[in-house]
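Accompanying notes for the structure given below.
Chains as they are written, first to last, in the numbering used here: chain A, 112 to 334; chain B, 714 to 909.
Encoded structure:
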């Protein structure tokens, strides 16, 4: 193989990679927030009223987050950005934050979100605690141990019937809720985690990918 | 048909380092290096959030201060968009990108070569851009490509969470710089003939 053929081959590989990168990142689906009178509701807003929400869901500004408990970038957002966003804007009533599960990264994320939905169906505070636990101890989880460790955590830290939650997760008893999030995320065009959809008065402003700084959310939503 | 030469010997690396140093210490090419590095870094980080960049530039609803803050917040170390490792790798690749651009520019201008003769550097730049642009979005890249084929995706096979693509870009840029330096062997840069 001469140098030119090598470079041509690698350039084609690279172009394919870029097509995938830009195609997925740029394919953010419908951008109509539904606030233009007659437009369809943005998929990320579908059934948002039954999602776990920090703050009041009827706030003017709403962030809908698609996250995977096994995603390390989601972990950085949860640990670096969300606490500041919560203190400065969610707790003060400026913005609401809706959490939707989107298990597309590592395999243990799939049983984890089944457990999250089973927990949320019983108790919302326990849901937020379990979600934080997944991010706090992320490296320790695997597909083999996630439900066992989930049961241990819920038994120790909450009043829930931890064994029942774990069994529901194994049985995928709340798979409808998981599928609701997966379907809405796909329809919205979320192809990575975390992906955020930022709304003002129900109208989509933009989508944001990655563990962005709190200032990105502040500036985009003019908080 | 010439075979691909790789920098396998110590003197190959010394040739690369010396040629790059001689080029980037010329003031004009130092500027080209910095501008190229900034351009590359901008391309990398903006390609990860095209929707947000489009919103910042074209929404028409944001004050200028918000637009500037949104765009600047996408760069490594300006905000917490990237962790230390990923941000450092991106900046390093951007600098290599700038050096590569400066060397290609020097090669084309000073040695009066055609674009075709400098194509290895140009191809390296393109591949470097593509790889580095995807560096921090392993999941985006993999999901995007494989979903085209209807394949369900897991990143278990990427132990560095997608940083593999940045490392691929890093290697490609090094190869590009080596091949340019090799092509410039015997030429005179900064009054100093480059040869070993």
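Think of the CB as a built atom: it goes at the ideal place given N, C-alpha and C, for glycine as much as any other residue.
Please read all numbers here as calculations on a predicted model, not as lab measurements.
Query, Result
"For a contact meaning CB atoms closer than 9 Å, what does residue 172 (chain A) contact in chain B?", "The premise fails here: residue 172 (chain A) is roughly 13 Å from chain B at the closest Cβ pair, so nothing lies under 9 Å."
"Looking at residue 173 (chain A) and residue 198 (chain A), is the spacing between their C-beta atoms short of 7 Å?", "no"
"What does a CB cutoff of less than 7 Å around residue 745 (chain B) pick up in its chain, not counting 5 residues either side in sequence?", "814, 815, 818"
"Taking only beta-carbon positions, decide if residue 147 (chain A) is within less than 7 Å of chain B.", "Because the pLDDT of residue 147 (chain A) is 42, which lies under 50, any placement of that residue in the model is unreliable, and the number read from its coordinates should be weighed accordingly. Chain B contact via Cβ: absent."
"Using the Cβ count rule (16 or more neighbours within 10 Å means buried), how would you classify residue 300 (chain A)?", "buried"
"For a test of the three-state rule: what should DSSP assign to residue 174 (chain A), helix, strand or coil?", "strand"
"Distance, Cα to Cα, residue 236 (chain A) vs residue 193 (chain A)?", "16 Å"
"Once you ignore the five residues that flank residue 807 (chain B) on each side, which residues in its own chain have a CB closer than 6 Å to its CB?", "750, 753, 754"
"With 7 Å as the threshold, decide whether the Cβ of residue 212 (chain A) is near any Cβ in chain B.", "no"
"Cα separation between residue 151 (chain A) and residue 762 (chain B)?", "24 Å"
"Taking the alpha-carbon of residue 809 (chain B) as reference, which of B:776, B:759, B:747, B:782 has the nearest alpha-carbon?", "B:747"
"Judging by CA-CA distance, which residue of A:212, A:179, A:230, A:215 is the nearest neighbour of residue 284 (chain A)?", "A:230"
"With residue 336 (chain A) as the anchor, note down where its beta strand (DSSP E) starts and where it stops.", "This structure does not reach residue 336 (chain A), given that chain A is present from 112 up to 334, and the question cannot be answered."
"Note the first and the last residue of the continuous beta strand (DSSP E) segment covering residue 318 (chain A).", "314-320"
"In three-state DSSP terms, what is residue 309 (chain A)?", "strand"
"Between residue 323 (chain A) and chain B, is there a C-beta pair that is closer than 7 Å?", "yes"
"With a threshold of 16 other CB atoms inside 10 Å of the CB of residue 204 (chain A), please say whether the residue is buried or exposed.", "exposed"
"Does the beta-carbon of residue 167 (chain A) have 16 or more other beta-carbons within 10 angstroms, so that it is buried, or is it exposed?", "exposed"
"Short check: CB of residue 246 (chain A) to CB of residue 195 (chain A), under 7 Å?", "no"
"Enumerate, from N- to C-terminal direction, the unbroken alpha helix (DSSP H) stretches of 4 or more residues contained entirely within the region 744-799 of chain B.", "763-771, 777-785"
"Is there a Cβ of chain B sitting closer than 7 Å to that of residue 320 (chain A), yes or no?", "yes"
"Candidates A:191, A:244, A:209, A:332: which alpha carbon is nearest residue 169 (chain A)'s?", "A:209"
"Just to confirm, are residue 240 (chain A) and residue 268 (chain A) a CB contact at a threshold of 7 Å?", "yes"
"Are residue 219 (chain A) and residue 251 (chain A) touching if we call contact CB-CB under 7 Å?", "no"
"So, with DSSP's three-state summary, where would you put residue 902 (chain B)?", "strand"
"Is it the case that the Cβ atoms of residue 278 (chain A) and residue 186 (chain A) are separated by a distance below 7 Å?", "no"
"Indicate whether at least one CB of chain B lies closer than 7 Å to the CB of residue 306 (chain A).", "no"
"Beta-carbon within less than 6 Å of residue 175 (chain A)'s beta-carbon, same chain only, minus the 5 sequence neighbours each way: which residues are those?", "155, 209, 308"
"Looking at the structure shown, is residue 880 (chain B) part of a helix, part of a strand, or coil, going by DSSP?", "helix"
"Looking at chain B, is there any beta carbon in it that lies within less than 7 Å of the beta carbon of residue 233 (chain A)?", "no"
"Any beta carbon of chain B sitting closer than 7 Å to that of residue 137 (chain A)?", "Any answer about residue 137 (chain A) is weak, because its pLDDT of 34 lies below 50 and its placement is not dependable; what the coordinates show is given next. It does; some Cβ of chain B falls within 7 Å."
"Could you tell me which residues DSSP puts in a beta bridge with residue 164 (chain A)?", "A:209"
"Leaving out the 5 sequence neighbours to the left and right, which residues in its chain are closer than 7 Å to residue 273 (chain A) when beta-carbon positions are compared?", "262, 265, 266"
"Please state whether the Cβ-Cβ distance between residue 330 (chain A) and residue 787 (chain B) is less than 7 Å.", "no"
"So residue 726 (chain B) is in the alpha helix (DSSP H); what residue range does that whole segment cover?", "723-737"
"Here's a check: name, in chain order, each residue in its chain whose Cβ is nearer than 7 Å to the Cβ of residue 258 (chain A), leaving out the five neighbours to either side.", "222, 226, 277, 280, 281"
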